[in-house]
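Undergrad: Take the sequence shown: its position 172, counting from 1, is numbered 172 in UniProt numbering, and each next residue is one higher.
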Amino acid sequence: MSTVAFIPARGGSKGVPRKNIKYIAGKPLIAWSIEQALQSALIDKVVVSTDCPEIAECAREYGAEIPFMRPAEISGDTATTESAMLHFCDWLRENHQHFDNFLLIQATSPIRAKGRFDDAVRFFEEGAYDSLVAVTSSHRFFWQQPESPRASYDYMKRPRRQDIPESERNYMETGSFYLTRMEALRESGNRLCGRVGMYLTPEEESYEIDSLIDFKVCESILLELARVY
């Protein structure tokens, strides 16, 4: 099975200007995801899709391929990630390149253990899934407010968090990465489709960078992990 890694990176980030190439723990943010993908034995190609020449230059410097500049019509504030994914699928077909699996990697989630992508691809293929979502287990109690507040648990019999069985825990989508069968992606137009597998990751890998505070939190974790490993 062949796998292509796809990293979308628009130039027009609003919360933190030039976010994707802002330095964190010694290298540009996007470089973390590029290098993690390139270290994988099961990823055959690493591509960055961007509309920004500065991001493209940075991505090339760290080893990613930039086969095209992303068109303006799928680079605006309202453009979806799926539109960029499907644009790349069309480019692959037009250029007679075939891959079995499509790995979407979000550059805003730089914290991943060594070998994470290899392990996820094996899990995906062994489970014969159509798509896969990275999740983290949560022991927190959740509430919803449709008309009146409603809890996801019986607060009259509040359990200790450590006593909640695994089958009753909530799982949060981390946004770090998604894996989809190429044909399933083309047919559904969505990163998640068909038989979906949940791939469990530790909580620290769920951090996403959308603000300067996020940068500081993630940088401290990255530096600590570098010290430990």
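Cβ coordinates follow ideal geometry from the N, Cα and C atoms, glycine included.
Classify M85: buried if its beta carbon has 16 or more other beta carbons within 10 angstroms, exposed otherwise.
TA: M85 is buried by the Cβ-count criterion.
Undergrad: If we require 3 or more residues per run, which beta strand (DSSP E) segments fall completely within the stretch 71-132?
TA: Within the stretch 71-132, the complete beta strand (DSSP E) runs of at least 3 residues are 101-105.
Undergrad: Using a Cβ-Cβ cut-off of 8 Å (strictly less than) and excluding sequence neighbours within five positions of L223, which residues of its own chain qualify?
TA: Excluding sequence neighbours, L223 sits near A25.
Undergrad: From the DSSP secondary-structure annotation, give me the bridge partner or partners of residue 282.
TA: Residue 282 lies beyond the stretch modelled for the chain, which goes from 1 to 229, so this question has no answer here.
Undergrad: By alpha-carbon positions, which one of I43, A72 and S2 ends up nearest to D51?
TA: When each option's Cα is compared against that of D51, the closest is A72.
Undergrad: Can you find a CB in chain B that lies within less than 8 Å of the CB of I7?
TA: Checking the listed chains, one finds no chain B in this structure; it contains a single protein chain.
Undergrad: Using a threshold of 8 Å, state whether the C-beta atoms of C89 and S131 are closer than that.
TA: No, they are not a contact pair.
Undergrad: Looking at the unbroken alpha helix (DSSP H) that takes in P53, where does it start and where does it end?
TA: Here the alpha helix (DSSP H) through P53 covers P53 to E61.
Undergrad: Give the range of the beta strand (DSSP E) segment to which S49 is assigned.
TA: Segment K45 to S49, the beta strand (DSSP E) holding S49.
Undergrad: Do T108 and I209 come within 8 Å of each other at the CB atom, strictly closer than that value?
TA: Going by C-beta atoms, I209 is nearer than 8 Å to T108.
Undergrad: Answer with buried or exposed for P110, where buried requires no fewer than 16 other C-beta atoms within 10 angstroms of its C-beta.
TA: When all chains shown are included, P110 counts as buried.
Undergrad: With which residues is E65 paired in a DSSP beta bridge?
TA: For E65, which the question treats as bridged, DSSP gives the partners V47.
Undergrad: By Cβ distance, which residues of its chain are closer than 6 Å to A5, with the 5 residues on each side in sequence left out?
TA: Cβ neighbours of A5 beyond the five flanking positions: A37, I43, V46, L103 and I105.
Undergrad: In three-state DSSP terms, what is L192?
TA: Coil, per DSSP.
Undergrad: Beta-carbon within less than 8 Å of Y207's beta-carbon, same chain only, minus the 5 sequence neighbours each way: which residues are those?
TA: The answer, listed in chain order, is S109, I111, D214, V217, C218 and I221.
Undergrad: My guess is that I66 and N20 are in contact by the Cβ rule of under 8 Å, so how many angstroms apart are they, rounded?
TA: That pair is no contact at about 13 Å.
Undergrad: Given a threshold of 16 other Cβ atoms within 10 Å of its Cβ, counted over all protein chains shown, does R70 qualify as buried or as exposed?
TA: When all chains shown are included, R70 counts as buried.
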